[in-house]
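S.K.: This is the structure I have questions about; it appears just below.
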Amino acid sequence: MSIEYRVGGIAPSVLRLARPGQYQVNEKGYYGEFGGAFIPEMLYRNVAELREKYLDIMNSADFQEEFGRLLRDYVGRPSPLYFARRLSEKYQTCIYLKREDLNHTGAHKINNTIGQILLAKRLGKKRIIAETGAGQHGVATATVCALMGMECVVYMGEVDMQRQAPNVARMRMLGAKVVPAMSGSRTLKDATNEAIRDWVNHPEDTHYIIGSVVGPHPYPDMVARFQSVISAEIKQQLQAQTGSELPTHVVACVGGGSNAAGSFYHFLDHVSVQLIGVEAAGKGLTSGHTAATIALGRPGVIHGSKTLLMQTEDGQIREPHSISAGLDYPGVGPIHAYLHATGRALYLSATDQEALDAAFELTRLEGIIPALESAHALAKLKDLQLKPEHVVVVCLSGRGDKDMETYLRFLPTDENPATTEPYS
């Protein structure tokens, strides 16, 4: 099926909300008790300017024309909605994969970076900073900066730079400066800290392209709107393929939660659709080495917003662990904290081992190597009480090229058919 992005403006449902909706952010930037903007005084002017202008800019005709054209001609949207026949046979149901892995740069992250770079230009910014975990957001940011001829600095944990070396090379080839974060666990949380420090020191000319539905208002709402193109397309593509625009289940992995927010967005008010987010349980929920924030977190403030986060008894942030760099984060977007609190979405968790097994299963059944992040979502298919009449959409948020080094360490062989080597 072909979905047309009109050069004269993309479908209004992608960027505009027809009505506020129970599950959308309120005028103060909150989803229920979660959200808000907890920022240093130095950033107040930047964040206030963004909050006051982002909706008017996003809804303007020239913005929609340029955004829609780039999504179509540069990103390659719409991404396919693929019926996974052999995977469906395995689980005795109907499973569709939303192929965000086929986007330019290999992940859903490009949807948001295209939107934010256009926004930054209209705000008169000259310099872009970003943080990244798996490197997919960093590559997407470096890509759009190259496209627009803007300076780009990407902060990345030293540990993540080692386990996602191909993406580091891609960012540098695209002209970005990649700065290692050396503090804490040297992963995504610490990269975000470094990016915020940079922003505080360069508030006038710099726009911070946050890669997920986290951070101070309006970032969670803004990123969710840019990623909502995913669910807008799913509805149109399902209508064409099945005769109904509504699936029974939508499943997506959750670190900060941007691909899940985009996959859920246009189904939030359709209560017949079961929304399922899958977090990274790491080595197990009780192992002390996990990133399952919703399962274990308590309300607190991290990186500019109130949400659920993993913390010690005295309120210090617990270091997260996941085999997947993109899910290795101690917090979660406030929209997901709210969807969990209201019961609108169900949040499960998958261990490192379950994600590996699911990745190898998809590869062998469908010839698709998923990102380790996406493999967490696939891992929970076995735990859902699925029936033949169900229609399940799984968001394949990214491709697995970047994770090949990890996959090869665990690749089952004739001599070693199990994939149970402890991850270190």
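Under full-length UniProt numbering, the sequence shown has 36 at position 36, and the numbering climbs by one with no breaks. Even for Gly, the Cβ is constructed at its ideal location relative to N, Cα and C. Because the structure is a prediction, the values reported are computed rather than measured.
#1: Tell me the rounded alpha-carbon separation between P180 and L381.
#2: Expressed to the nearest angstrom, what Euclidean distance is found between the alpha-carbon atoms of T192 and G343?
#3: Measure the CB-CB distance between residue 450 and D401 and report whether it falls below 8 angstroms.
#4: Roughly how many angstroms lie between the CA atoms of D403 and R170, to the nearest whole one?
#5: Using C-beta distances below 7 angstroms, list every residue in its chain close to L87, excluding the 5 sequence neighbours before and after it, in chain order.
#6: Jot down the residue ranges of each uninterrupted alpha helix (DSSP H) in the stretch 198-261, minimum 4 residues, whole runs only, in chain order.
#7: Per the contact definition of three or more C-beta pairs closer than 8 angstroms, is the stretch 159-166 in contact with the stretch 182-189?
#8: What are the start and end residues of the beta strand (DSSP E) that includes G284?
#9: Given a cut-off of 8 angstroms on the beta-carbon distance, is the pair A195 and Y155 in contact?
#10: According to DSSP, is L346 helix, strand or coil?
#11: What are the boundary residues of the beta strand (DSSP E) that R99 is part of?
#12: Could you pull the start and end residues of the alpha helix (DSSP H) that residue 434 belongs to?
#13: When you compare only the Cα positions, how much space is there between K98 and Q92?
#14: For D198, which of L71, I129 and H108 has the nearest alpha-carbon?
#15: In the DSSP output, which residue or residues are listed as bridge partners for I302?
#16: Counting along the chain, where does the alpha helix (DSSP H) carrying G400 start and finish?
#17: Can you name, in chain order, every residue of its own chain whose Cβ lies under 7 angstroms from the Cβ of A355, other than the five neighbours on each side?
#18: Among F410, N59 and V392, which residue has its Cα nearest to the Cα of P247?
#19: Less than 8 angstroms separating the beta-carbons of A165 and A140?
#20: With a cut-off of 8 angstroms, do at least 3 Cβ pairs link the stretch 242-262 to the stretch 66-78?
#21: Using a Cβ-Cβ cut-off of 7 angstroms (strictly less than) and excluding sequence neighbours within five positions of P203, which residues of its own chain qualify?
#22: So what's M156 in DSSP terms, helix, strand or just coil?
#23: Kindly indicate which residue of Q136, T206, P220 and T413 has the alpha-carbon position closest to the one of S305.
#24: Hey, quick one: how far does the beta strand (DSSP E) through V178 stretch, first residue to last?
#25: Give me the Cα-Cα distance between L17 and G36, rounded to the nearest whole angstrom.
#26: Once the 5 residues before and after A224 are set aside, which same chain residues still bring their CB inside 7 angstroms of it?
#27: Would you mind sorting N259 into buried or exposed? The rule is 16 or more other CB atoms within 10 Å of its CB.
#28: Could you check the C-alpha separation between G326 and A61 for me, to the nearest Å?
#29: Does the stretch 310-323 come close enough to the stretch 278-289 to have 3 or more Cβ pairs within less than 8 angstroms?
#30: On the three-state DSSP scale, how would you describe Y329?
#31: So, with DSSP's three-state summary, where would you put F83?
#32: Looking only at its own chain, which residues have a Cβ that is under 7 angstroms from the Cβ of D205, when we skip the five neighbours before and after it?
#33: Output the distance between the C-alpha atoms of V144 and R399, rounded to the nearest integer angstrom.
#34: How is the beta strand (DSSP E) around T132 delimited, first residue to last?
#35: On the DSSP letters alone, give me the boundaries of the alpha helix (DSSP H) that P166 sits inside.
#36: Could you tell me the alpha carbon to alpha carbon distance between I230 and Y347, rounded to whole angstroms?
M.R.: Here's the rundown:
#1: Each residue's alpha carbon lies about 36 angstroms from the other.
#2: Across the structure, T192 and G343 are spaced so that their CA atoms are roughly 29 angstroms apart.
#3: Since the first and last residues shown for the chain are 1 and 424, residue 450 lies out of range.
#4: Approximately 14 angstroms between the Cα atoms of the pair.
#5: Closer than 7 angstroms at Cβ, skipping near neighbours: I95, L362, L365 and E366.
#6: Counting whole runs of 4 or more residues, the stretch 198-261 contains the alpha helix (DSSP H) stretches 219-227 and 229-242.
#7: Taking a contact to require three or more Cβ pairs closer than 8 angstroms, the stretch 182-189 and the stretch 159-166 qualify as touching.
#8: Careful: G284 lies outside any beta strand (DSSP E) and carries neither H nor E.
#9: Cβ distance < 8 angstroms, so A195 and Y155 count as in contact.
#10: The three-state reading of DSSP puts L346 in strand, counting E and B together.
#11: Start and end: C94 to R99.
#12: Residue 434 cannot be examined here, being either before or after the span of the chain that is shown, 1 to 424.
#13: Looking at the backbone, the Cα of K98 and that of Q92 are separated by about 19 angstroms.
#14: With respect to the C-alpha of D198, the residue from L71, I129 and H108 having the closest C-alpha is I129.
#15: Partner residues in the beta bridge of I302, as assigned by DSSP, are S305.
#16: Careful: G400 lies outside any alpha helix (DSSP H) and carries neither H nor E.
#17: Excluding positions up to five away in sequence, the list reads I323, S324, L372, A375, H376 and A379.
#18: Nearest of F410, N59 and V392 to P247, Cα basis: V392.
#19: Not a contact, by the Cβ cut-off of 8 angstroms.
#20: The answer is no - the stretch 66-78 does not touch the stretch 242-262, with fewer than three Cβ pairs under 8 angstroms.
#21: Only M42, L43, R45 and N46 meet the Cβ criterion.
#22: Looking at M156 - three-state DSSP - the assignment turns out to be strand.
#23: With distances taken between Cα atoms, S305 lies closest to P220.
#24: Counting along the chain, V178 sits inside the beta strand (DSSP E) bounded by residues K177 to A181.
#25: Caution is warranted here: a pLDDT of 45 is assigned to L17, below 50, making its placement in the model unreliable, and the coordinate value is therefore given only provisionally. Each residue's CA atom was taken as its position, placing L17 and G36 some 20 angstroms apart.
#26: Its chain contains V213, A261, G262, Y265 and I335 as the residues whose beta carbon lies nearer than 7 angstroms to that of A224, once the 5 sequence neighbours on both sides are disregarded; these appear in chain order.
#27: Result: buried.
#28: Cα-Cα distance, rounded: 34 angstroms.
#29: Flag = yes, the stretch 310-323 and the stretch 278-289 touch.
#30: Residue state, collapsed to three classes: coil.
#31: F83: strand per DSSP, three-state reduction.
#32: Listed in chain order, the non-local C-beta contacts of D205 below 7 angstroms within the same chain comprise K125, K126 and R127, local neighbours out to five positions each way being set aside.
#33: C-alpha of V144 to C-alpha of R399: approximately 19 angstroms in a straight line.
#34: Unbroken beta strand (DSSP E) run through T132: R127 to T132.
#35: Looking at the DSSP string, the run of the alpha helix (DSSP H) that includes P166 is A165 to M173.
#36: I230 and Y347: Cα-Cα distance of roughly 20 angstroms.
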